[in-house]
Amino acid sequence: MSLEELGDDAFDRLRARRLLAITGMTPMNAIAAMLNTALTLAVLWNLVEPWQAVLWAGSVVLLMAMAVQSWYGISRKPAPPQKAPARVENRAVIHAGLLALLWASPPLLLYDIASTEQQIFITAITSGLICAGGFALYTLPSASLTFVAILGSASAITLYRAGFEISPLLLLLLVVYMTILTTSIVHAAGVFRAQVLTDLTSEHQKQVISLLLNDFEQSTADVLWEADEELKLQRVSPKLEELFAIRKELLDDQSFLKLIRQSHAQLPSEQTELADSKAEEISTYFTMGRAFRDFEIPVWINRKLCWWSITATPTPDMQWRGVISDVTETHQARQQIWQLAHEDSVTRLANRRWFQTELQSSIQRSLSHKEQIFALLSIDLDRFKNVNDTFGHDIGDKLLKIIAGRLKGNTRPADLVARTGGDEFAVILRQVDSQQQAIDIANRIVETLEQPCRIGSLTVTVGASIGLAFIPDDGQRQELLLKHADLALYRAKENGRGQVVRFAPQMAVTANQLYRIEQSLRRAVSNGELRLHYQPQRHLASGHFTCSEVLARWSDPVLGSISPATFIKVAEDTGIIHALGKQILQQACLHARLMPAGMTLAVNLSPVQLASPSIVDDIVGIIQSHHVPFTKIELEITESALLDDSYSVQDKLQQLRELGVRIALDDFGTGYSSLSYLRRFSFDKIKIDQSFVRDLPNDPATQVIVKGMIDIARSMKMQVVAEGIEDEATLRTLTELGCDIGQGFHIFKPIAPEQLLETLVRAT
Ligand code: C2E
Ligand code: MG
Ligand code: MG
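With this note's numbering, the residue at position 499 of the sequence shown is 1078, and numbering never jumps.
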């Protein structure tokens, strides 16, 4: 910055510094001046009248006395003056000029009449004074140059008047020395000025910064804090007092870190772990003397949990300065957003995303803390879908909330309970003492979930099956652990539900096989390797074959022949079913065109296929492209297809039915509320499941049920098919009960299409 930029009083400040630098030397200069005066009087006494000598010496002493007086006045002040007006500088110049004139009088007035020795004295003292005076006054160049100029001129005049032979040479020497001297004075004065300018600039900046900081503290919510080397708070401001909600007297000289730790002692227990780790982290910064910014830490202020964002930086003299902002509101808002993204809206439990993150961190922690046991519970509610279906989603949601509460009640705060799907939950048990303890907790959960739930006037009972996997023993990768816990869960369900099953490696072998089946099936579908078999259904009264069920067959070159029950399940689980289903329908359509006029082909349709939004278009497209009349195709669906979202499925079925496609309800009687499906959709046919047919001749109770089914179908104008007829007795009983159509090994085993055609030709 230049002096002008530093403001109007910058010149006064510079002047004050210059004068102070000279004044500081006054006592020494005064002593030197007295000594010089005494010596001069002693050496030149005989050349002047006593009064002249007294007048001269008195003037010198008076001028020095004035200088000493002003030095004394300044040194008594508590602080040296910061500014000096121009007139003070002028006075100093006059003072220096007068002094120079007094010291110029011996060479000017006495040189001619002095002896050689006295001349040498005058020359020596004048030269000495030029140099000493010039440098003593260099910080104020106007005074210094005046002093040097007067004495230099006096010397020149004296030399000239002396008329020595070497006078011109001496004059030249004088000019050279005077030039060097004045240049040095000007240069030194410039350096001094620059130095002062630097000081003034830094002072100015400090002032600006402090003004800005003041302004900043007034206008923002941020609070400045300062602490010494030991982190004890200094110069506590009212805003800091307010922030801590502690009086200034109790804050001053208190350790900043200690105050924060003290506040942590009162935090609710669920916050203490986080607070401790935060305090540990911030104390590391302080110990290492490292600056940090926006460090967020919880604090307990006025019996409330607050969040502060702290910034701190060490100063060069090892003190600390920084800013604290109260970010409680921002933190709460962030927390809410986080919760929305990580919580399940119905149960307020962790959602799948949060669960996966926590599972990942649990895996990492279990690997680094080997002595601790972590467990993953995969929980599936039994019969929840039925509750939802029967009583509606409202009751379903309420039930889920009760379940969530029971899960929470049976776990500790450190454990994580998550809802990972419709009726699927997962729990991460952290730090259990033994594997048995985890198994006990899981058993307790099963027991609790089996207790009836009261929702308004309703009492609903569900149950739960749990698959248990230990981390990291049963897997060190997230997907693997989840898969293993799920395999254990499947086993629990297979075992008859309401059980806890721990994952065992043999289960993974099954999973591997399923994986191999999946891979081979993909290949088989893309190579069109699947074949169709047909199982004709016989009209029991007439003996005619009016319909044949289409059954997929697959034989893999390596895995051998695989039953549809297995590969259809794999295809459903992996989504292969969509491509597979289309292929089957296409083949069936090709065959349908070869069949005699009265023969319908019944194609099985999986619930997964039915859930596809494009299923109607797909089916219609395939049938039309093969120029097969819609009435030649029958679709068999199972009750489970109607279980979820039944309206949209009913719509789809209705669209197909309106085109002429026949719809049959397969495996009738095995579902939860078979009869209710009959009310919702009017089927063309129902197929009584094999389980009712098997022991029919010897089981009067089943006969009553089957008779009921037949009567209902007849009254609703639906055809009835009995599946799985394996012997003559069953066939007879069914005929007696009035069943329309029979299907089973006793009538026909599933056969290849060419065989079917042959059979039909023979039969007609
Ligand atoms: P489903 O639709 O109930 O088919 C009838 C099953 O009963 C067939 O088994 C058939 O071979 C078998 N069966 C027929 N008569 C008798 C009998 O007298 N005794 C016994 N014990 N069984 C008999 P398959 O072919 O093994 O098919 C099993 C299931 O796989 C089918 O049950 C069906 O749900 C599914 N499936 C088969 N083919 C397809 C297909 O092309 N698409 C779809 N989505 N599912 C299919
Ligand atoms: Mg079927
Ligand atoms: Mg069936």
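Note that the Cβ used here is the ideal one computed from N, Cα and C, for glycine as well.
If you compare alpha carbons, which of the options is closest to residue i?
i, options, result
"D1230", "T616, A609, L1189, I1212", "L1189"
"G637", "L688, Q1269, A617, A722", "A617"
"L1344", "L620, G713, I653, P720", "There is no way to answer for residue 1344, as the model of the chain reaches only from 580 to 1343."
"R962", "R1023, E1029, P847", "E1029"
"F871", "T894, A679, F1327", "T894"
"E809", "E628, G971, G868", "G868"
"A1308", "G1323, S1294, M1295", "G1323"
"A711", "F823, L1184, G731", "G731"
"V902", "Q1269, L819, T1038, F1146", "L819"
"P1276", "R1311, E828, R740, M1297", "R1311"
"K1296", "K1328, D1274, I1330, S1261", "S1261"
"V667", "L677, S649, A679", "S649"
"A1087", "L776, L1100, R1070", "R1070"
"C885", "D896, T892, Q845, R900", "Q845"
"K883", "P847, S856, K811, R913", "P847"
Classify residue i: buried if its beta carbon has 16 or more other beta carbons within 10 angstroms, exposed otherwise.
i, result
"W917", "exposed"
"E1213", "buried"
"S1127", "buried"
"S1344", "Outside the modelled stretch of the chain, which goes from 580 to 1343, sits residue 1344, for which no answer is possible."
"W630", "exposed"
"P657", "exposed"
"G1160", "buried"
"F743", "exposed"
"G713", "buried"
"Y717", "buried"
"R1009", "buried"
"P720", "buried"
"K1211", "buried"
"S842", "buried"
"Q1116", "buried"
"H1157", "buried"
"V1340", "exposed"
"I699", "exposed"
"Y651", "exposed"
"E1215", "buried"
"D1019", "exposed"
So, at 6 Å on beta carbons, what are the nonlocal neighbours of residue i in its own chain, with the 5 sequence-adjacent residues on each side left out?
i, result
"A733", "A683, P686, L687"
"D807", "Q813, Q898"
"H1170", "P1332"
"M643", "A609, A612"
"T1249", "D1268"
"A1292", "I1265, V1299"
"R840", "A858"
"V639", "T616, L681"
"V815", "K827, L830, D831"
Ignore the nearest five residues each way along the sequence and tell me which others in residue i's own chain have a CB closer than 7 Å to its CB.
i, result
"A632", "L620, W624"
"L1284", "Checking the displayed sequence, the identity of residue 1284 turns out to be Ile instead of Leu. F1271, listed in sequence order."
"L1316", "Q1282, V1285, K1286, I1289"
"F1082", "G1046, L1047, A1048, D1053, H1063, A1064, L1066, A1067"
"S1013", "I952"
"L822", "V802, I903, D905"
"S1191", "H1157"
"D591", "K662, A663, P664"
Can you find the residues in the same chain that come closer than 8 Å, C-beta to C-beta, to residue i, ignoring five residues on each side of it along the sequence?
i, result
"A929", "H921, E922, D923, E937, L995, V996, A997, R998"
"F1247", "E1218, S1253, I1265, K1266, I1267, D1268, M1288"
"I1313", "Rather than Ile, the amino acid found at residue 1313 in this sequence is Leu. Closer than 8 Å at the Cβ level, and outside the excluded window around L1313, lie L1119, V1272, L1275, V1285, A1301, I1304, G1321."
"A993", "R1009, Q1010"
"D691", "R740, A741"
"L626", "L689, I692, A693, Q697"
Environment of ligand 2 in chain order, Cβ to heavy atom below 5 Å: Any residue whose Cβ sits closer than 5 Å to a heavy atom of ligand 2 makes the list: N1183, E1215, D1245.
Three or more C-beta pairs below 8 Å linking the region 1000-1008 and the region 854-861: Verdict: no, contact absent.
Inter-stretch contact (C-beta, 8 Å, three-pair minimum) for the region 1080-1094 and the region 1293-1305: Put simply, the region 1080-1094 does not touch the region 1293-1305. Fewer than three CB pairs are less than 8 Å apart.
Cβ pair count under 8 Å reaching 3, the region 658-677 against the region 705-725: Taking a cut-off of 8 Å for Cβ pairs, the region 658-677 and the region 705-725 touch, as three or more such pairs fall below it.
The region 1103-1120 contacting the region 1153-1171, beta-carbon criterion three pairs below 8 Å: In short, these stretches touch, since the Cβ pair count reaches three.
Stretch pair the region 1068-1085 + the region 1011-1031: three plus CB contacts closer than 8 Å: Short answer: they touch.
Any 3 or more C-beta pairs closer than 8 Å across the region 595-602 and the region 661-671: They touch, by the three-pair rule.
At least three beta-carbon pairs within less than 8 Å, the region 753-760 to the region 690-705: They do not touch, by the three-pair rule.
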